Structures are given as C-alpha cells and as structure tokens.
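Take a look at the structure below.
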Amino acid sequence: MALLYCWIVVCIIGLVETNPICTDISFEQVSCVPGNYSQVVLRKGVVSENNLTKLISLSSCRISDVDFESFDGVPALLELDLSQNIITYLQLGVLDEFKQLTHLNLSHNYIRNFPLGLFDQKPNLISLDLGSNRLETLELGIFDPLTKLEYLDISWNSLIGSDISPYIFDLNRRIKTLKLSGNNMNEAKDNFLHSLTMLQVLALEDCKLDVFPPFALQGSMKKLLRLDLSLNKIREISNDLSFHNLTSLISLHLTSNDIVDIGENVLKPLKKIKVLVFRNNRIKDIPDTLFQNIPVTFVDLANNKIEYLPVNAFRGTKLRNFNIASNRITYLQDNFCLELRNSGAALTKFYFNDNPWQCACLRDVLNEVKKFGVTYNNKKYDGKHPVCVVPDDFVCHRHLQYNENVYEVFDSR
1 MALLYCWIVV CIIGLVETNP ICTDISFEQV SCVPGNYSQV VLRKGVVSEN NLTKLISLSS
61 CRISDVDFES FDGVPALLEL DLSQNIITYL QLGVLDEFKQ LTHLNLSHNY IRNFPLGLFD
121 QKPNLISLDL GSNRLETLEL GIFDPLTKLE YLDISWNSLI GSDISPYIFD LNRRIKTLKL
181 SGNNMNEAKD NFLHSLTMLQ VLALEDCKLD VFPPFALQGS MKKLLRLDLS LNKIREISND
241 LSFHNLTSLI SLHLTSNDIV DIGENVLKPL KKIKVLVFRN NRIKDIPDTL FQNIPVTFVD
301 LANNKIEYLP VNAFRGTKLR NFNIASNRIT YLQDNFCLEL RNSGAALTKF YFNDNPWQCA
361 CLRDVLNEVK KFGVTYNNKK YDGKHPVCVV PDDFVCHRHL QYNENVYEVF DSR
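Residue numbers are given in the working numbering: position 44 of the sequence shown equals residue 44, and the series is strictly consecutive.
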C-alpha cells in the first residue's frame, strides 16, 4: 500500500513538473510546444545546451515561471520568444546568462511589474515587446541599460501616463518605434518623450485622450513618420500650430475619435504627409482649403457626417485613393474628378457608396469614374438595391438647401 501511495505521488509530481517539448529545428533554432499540462515552471535542461543556438521560441507553452539557469548553455542566443504564456513575474537574474540577445518578446503574459535591474545584462537588445501584459508601473531606470533599443512595445497594459517619469527614456535615444496604445496617457507630462529625437513611429490608440497629447507634438518629434491616435475621444483639431514640429510625418491616423471641427490651416505644416485617416468621426464641414497644396495621396473620410465636399480643398494634392463612403453627401461639384485631375490629383480609387445621393448627381459621378478608369465599389451599384433618391424632375440640385428634401426621403427607408 505504501509503495502504491509513493507511485501515485511521483506521478502527480511528474505531471506538474512536465516541461515543454523542444525541438532543434537547426543548429541555430530551437522551437518548443506545450506538453499535456496546464502550467509549468521552466527549468534548466529544457533547452539543450548549444553554443550555436541563436533563436528560441517558447511561445504558447503555458509557462508560469522561469527558473534560474533555464537558459544556461546558450551564450550565442539572439532572439527569445516567451509570448503567449502565463508568466506573472520574472525574478532578478533569470535573464542574465545570455548577453548577446537582440530581440526579446514577453508579450501576452500577466506581468505586473519588473524588478529594477532585470535588463542589466542585455546591453545589445534592439527589440523589446512587453505588450498585452498587466504592467501598472515602470520604475525609473528599468530601461537604462538598453542604450541600443530601437523598438519598444508597452501597449495594452495598465499604465497611467501621469505616473511615468518623463526621464524614463533618457538613455534610450535610439528608439524608433514606441507603442503605448491601450494605456491611459491623457495626463502624461508634456516632456514625456523629450529624449526620443530618433522616434519614427508612435502608436497611441485607445489612450483615453480627449485632446492632442502635447508630448506627441514637441520639437523632439521632427523625425516622426507615423502617428496613430485612433480610438480616442479627441473632439477638435483647431490649433494651427498643432503639427508645427511634425515636419517629417507621412501617416496620420485619427480613426474613431469624436472630431467635429478641423481648422482650415492645421494640416499645412505637414509638408511630407501621404496618408490621412479621419474615418468614424463626426466631421460635418470640410474647410475650403483644408488639404490644399500638401502631398497627400490617401484620404479616408468615411463614416462621418459630411454634407458638402469642396473640390477646392484638394487642389495641389497628389490624391489617388479617396474614401467618402457613409456620409451625408447628396451631390458633388460638377466635373469633380476632372477638376481634381486638372489640379494635380490623379484618382485611381474612389469610394462614395452609402451616401444619400440624388440619383441624377450619382449618375454624374458614376459617368466620371468610368470615363477616367477610376476603381469604385461597383458591387454597390448592381441595380439590386436602392442607392439614391429620385427627385421629381431628375435634375442634380447642387445646393445645400435641397439636402433636407433628400434626407427626408432617404432616412425614412
């Protein structure tokens, strides 16, 4: 009976201590998959000692903890993927064995904080992904050893911008991509990113912002190429100096905010802009010179409340891809596409579906896009469902006063 009891205990312990199944894909790569268990502590010996191993993938292996010396014997390791596990904490020293590491992925775990000094032995780290954890704080100095860091993802955590020191990145001046999405950055200090003069990509989606964050518009942002402020609560862009420092910006994303007003001259400093995305807002009016003489090629204004679209607003642009679907547009100016072509734009794609078109006005638009070979959503215009409102005289009434008549019929459907 005693022997049977001991055997059962050993079996239970064996199940708890079971390790991931690791395979040497090549002399330089090791990939592991989970065994038949709910969680495991990663221990020494799971990863074979090999002086040539450069990449280890332990993603989705149900690892709950990493023991000391788990990576002893892989001094040449360059890339380590521990994403999609259930790690809640990493002890100081568990990452010390391999100093050549350049890429570390700890995303999609349950980590709440890091001990100061965790990255002290990672002077060559270029990419660090900490996204989708439960980080609540970033202790000043945690990133100081990472002087070569170029990519940092701390998005979708529980960080509060006002609690983060503006000196947190003072020694990380090579960062080119910073992802902060999904954290509350509404009250971050104005000089929060003052040291990141090499920054090119800044992601601030769903950061509880109700105004343009001053820290993203400072002089240190002169090399910024892409700024994503989607899924916030920004209501207006009215200050002509808002983008004064973003002279290199190529792509600006403001999807799903509450924008109602855009200042007529607010986009003028964007001398290199190519992509502007304003979809899913509450924009009603487009200023007459809003996009004029900027090199934009892609404009997305879908799902707003725009009633009138002045062709003059796009003169001097290089517009090629244009989306005005799902607005309140009943007509466009006569020869709209031709006017764009004559002023420098060359539309190749034009999406205008799901607007309350006057049928005569829609006919004019369809004739133009077909004439110039512009791609449009032709499936919406297959004759199988209503797409416009027919006035009694079948004439395109190009004045705003007539819109109410169209809306009354269109909205009653």
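Just so you know, even glycine gets a beta-carbon here, dropped at the ideal spot from N, CA and C. Remember, it's a predicted structure, so these values are computed and weren't measured experimentally.
Sorted by chain position, which residues of the same chain lie with C-beta nearer than 6 Å to T177's C-beta, five sequence neighbours on each side aside? For the purposes of this step, residue 177 is taken as residue 177 along the sequence shown, with counting starting at 1. Closer than 6 Å at the Cβ level, and outside the excluded window around T177, lie Y151, V201.
Note down, in chain order, each residue of its chain lying with its Cβ closer than 7 Å to the Cβ of N245, except the 5 sequence neighbours on either side. For the purposes of this step, residue 245 is taken as residue 245 along the sequence shown, with counting starting at 1. Result list for N245: L217, Q218, G219, M221, K222, in chain order.
CB-CB under 6 Å to Q84, same chain, minus the five flanking residues each way: which ones, in chain order? As a position in the sequence shown, residue 84 is number 84, starting the count at 1. Within the same chain, Cβ atoms closer than 6 Å to the Cβ of Q84 are found at S59, S60, H108, the five residues on either side in sequence being excluded.
P166 to L92, Cα distance in whole Å? For the purposes of this step, residue 166 is taken as residue 166 along the sequence shown, with counting starting at 1. For the purposes of this step, residue 92 is taken as residue 92 along the sequence shown, with counting starting at 1. Their backbone Cα atoms lie some 25 Å apart in a straight line.
Could you give the first and the last residue of the continuous alpha helix (DSSP H) run that contains F298? Taking the first residue of the sequence shown as position 1, residue 298 is located at position 298. Note, F298: premise wrong, no alpha helix (DSSP H); beta strand (DSSP E) at 298-300.
Using a threshold of 7 Å, is the CB atom of Q401 nearer than that to any non-hydrogen atom of the ligand ATP? In the structure shown, the ligand ATP is absent, as is every other ligand, since no ligand is present at all.
Quick check on Q358: does DSSP put it in helix, strand or coil? For this step, residue 358 is matched to residue 358 along the sequence shown. Reduced to three states, the DSSP call for Q358 is strand.
Along the beta strand (DSSP E) that carries E79, what are the first and last residues, could you check? In the sequence shown, the residue the question calls residue 79 occupies position 79. Counting along the chain, the unbroken beta strand (DSSP E) around E79 starts and ends at 79-81.
Boundaries of the beta strand (DSSP E) in which R341 is found, first to last residue: The residue you call residue 341 lines up with position 341 of the sequence shown. Unbroken run through R341 is the alpha helix (DSSP H), 336-342; no beta strand (DSSP E).
Cβ-Cβ distance between N98 and L128 below 8 Å: Taking the first residue of the sequence shown as 1, we reach residue 98 at position 98. Taking the first residue of the sequence shown as 1, we reach residue 128 at position 128. One point to set straight first is that residue 98 is Phe, not Asn, in the sequence displayed. Not closer than 8 Å, so no.
Look at L330 and N377 and say whether their C-beta atoms are less than 8 Å apart. The residue you call residue 330 lines up with position 330 of the sequence shown. The residue you call residue 377 lines up with position 377 of the sequence shown. Before going on, a small fix: residue 330 reads as Thr here, not Leu. No, these two residues do not count as a Cβ contact at 8 Å.
Which same chain residues, not among the five before or five after I262, have their C-beta less than 7 Å away from its C-beta? Residue numbering aside, residue 262 sits at position 262 when the sequence shown is read from its first letter. Taken in chain order, the residues that qualify are I237, I283, P287, L290.
If I measure Cβ to Cβ from L149 and keep anything under 8 Å in the same chain, skipping five residues before and after, which residues do I get? Reading the sequence shown from its first residue, position 149 is the one you call residue 149. The residues are L125, I126, S127, L128, F143, N172, R174, I175.
Unbroken alpha helix (DSSP H) run spanning F350, endpoints: Counting from one through the sequence shown, the residue named residue 350 turns up at place 350. Note, F350: premise wrong, no alpha helix (DSSP H); beta strand (DSSP E) at 349-351.
Between E187 and the rest of its own chain, which residues show a CB-CB distance below 6 Å, the 5 nearest in sequence each way excluded? Start at 1 with the first residue of the sequence shown, and residue 187 comes out as number 187. G161, S162, listed in sequence order.
Cα separation between L347 and S248? Taking the sequence shown and counting its residues from 1, the one referred to as residue 347 is at position 347. Taking the sequence shown and counting its residues from 1, the one referred to as residue 248 is at position 248. Roughly 24 Å separates the two Cα atoms.
For E236, which beta-bridge partners are listed by DSSP? Stepping through the sequence shown from its first residue, residue 236 is reached at position 236. Note: E236 sits in a beta bridge opposite D261.
Exposure label - E205; buried when at least 16 CB within 10 Å: The residue labelled residue 205 in the question sits at position 205 within the sequence shown. By the neighbour-count definition (other C-beta atoms within 10 Å, threshold 16), E205 is a buried residue.
DSSP has A203 in a bridge; who is on the other side? Your numbering for residue 203 matches position 203 in the sequence shown. As DSSP reads the structure, A203 sits in a beta bridge with K179, D228.
I believe R328 touches P356 by the beta-carbon criterion, under 8 Å. Please report the beta-carbon distance rounded to the nearest angstrom. Locating residue 328 in the sequence shown gives position 328, counting from the first residue. Locating residue 356 in the sequence shown gives position 356, counting from the first residue. About 6 Å; that satisfies the 8 Å criterion.
Looking at the structure shown, is Y381 part of a helix, part of a strand, or coil, going by DSSP? Numbered from its first residue, the sequence shown carries residue 381 at position 381. Helix.
Let me know if T53 comes out buried or exposed under the rule of 16 or more other beta-carbons within 10 Å of its beta-carbon. The count along the sequence shown starts at 1 and reaches residue 53 at position 53. Buried, since its Cβ has 16 or more Cβ neighbours within 10 Å.
CB contact flag (D240, N265, <8 Å): As a working mapping, residue 240 is identified with position 240 in the sequence shown. As a working mapping, residue 265 is identified with position 265 in the sequence shown. Yes, the pair counts as a contact, with Cβ atoms nearer than the cut-off.
Classify D129 as helix, strand or coil using the three-state DSSP reduction. Your numbering for residue 129 matches position 129 in the sequence shown. Residue state for D129 is assigned as strand, using DSSP reduced to three classes.
Limits of the alpha helix (DSSP H) - the one that F410 falls within: Translated into positions along the sequence shown, residue 410 becomes position 410. From DSSP, the alpha helix (DSSP H) with F410 extends over 403-411.
Determine which residues share a DSSP beta bridge with H253 and list them. Here the question's residue 253 lines up with position 253 in the sequence shown. Among the bridge pairs identified by DSSP, H253 is matched with D228, V277.
C-alpha gap between M185 and N191, whole angstroms: Within the sequence shown, the letter at position 185 stands for residue 185. Within the sequence shown, the letter at position 191 stands for residue 191. Rounded to the nearest angstrom, the two C-alpha atoms are 13 Å apart.
Close-in-space but distant-in-sequence residues of the same chain around M1 (CB under 6 Å, 5 per side omitted): Counting from 1 along the sequence shown, the entry for residue 1 is found at position 1. Residue placement at M1 is flagged as unreliable, the pLDDT there being 37, under the threshold of 50; a coordinate-derived value is accordingly withheld.
Using the three-state DSSP reduction, which class does F314 fall into: helix, strand or coil? Numbered from 1 along the sequence shown, position 314 holds the residue referred to as residue 314. If DSSP states are grouped into helix, strand and coil, F314 belongs with the helices.
Compare the beta carbon distance of E139 and L116 with 8 Å and say whether it is the shorter of the two. Counting from one through the sequence shown, the residue named residue 139 turns up at place 139. Counting from one through the sequence shown, the residue named residue 116 turns up at place 116. In this structure, E139 sits near L116, with a CB-CB distance shorter than 8 Å.
Is L400 helix, strand or coil when you go by DSSP? The sequence position of residue 400 within the sequence shown is 400, counting from 1. Correct three-state label for L400: helix.
Does the Cβ of T375 have 16 or more other Cβ atoms within 10 Å, making it buried, or fewer, making it exposed? As a position in the sequence shown, residue 375 is number 375, starting the count at 1. Result: exposed.
Would N280 be called buried (16 or more neighbouring beta carbons within 10 Å of its own) or exposed? Looking up residue 280 in the sequence shown gives position 280. Flag for N280 reads buried.
In this structure, what does DSSP give as the bridge partners for N184? Residue mapping note: residue 184 aligns to position 184 of the sequence shown, counting from 1. The partner list for N184 (beta bridge, DSSP) reads I160.
Per DSSP, which one or two residues make a beta bridge with N105? The residue given as residue 105 occupies position 105 in the sequence shown. Per the DSSP secondary-structure output, N105 pairs in a beta bridge with D81, D129.
DSSP beta-bridge partners of F322: Translated into positions along the sequence shown, residue 322 becomes position 322. In the DSSP output, where bridge partners are listed per residue, F322 has V299, F350.
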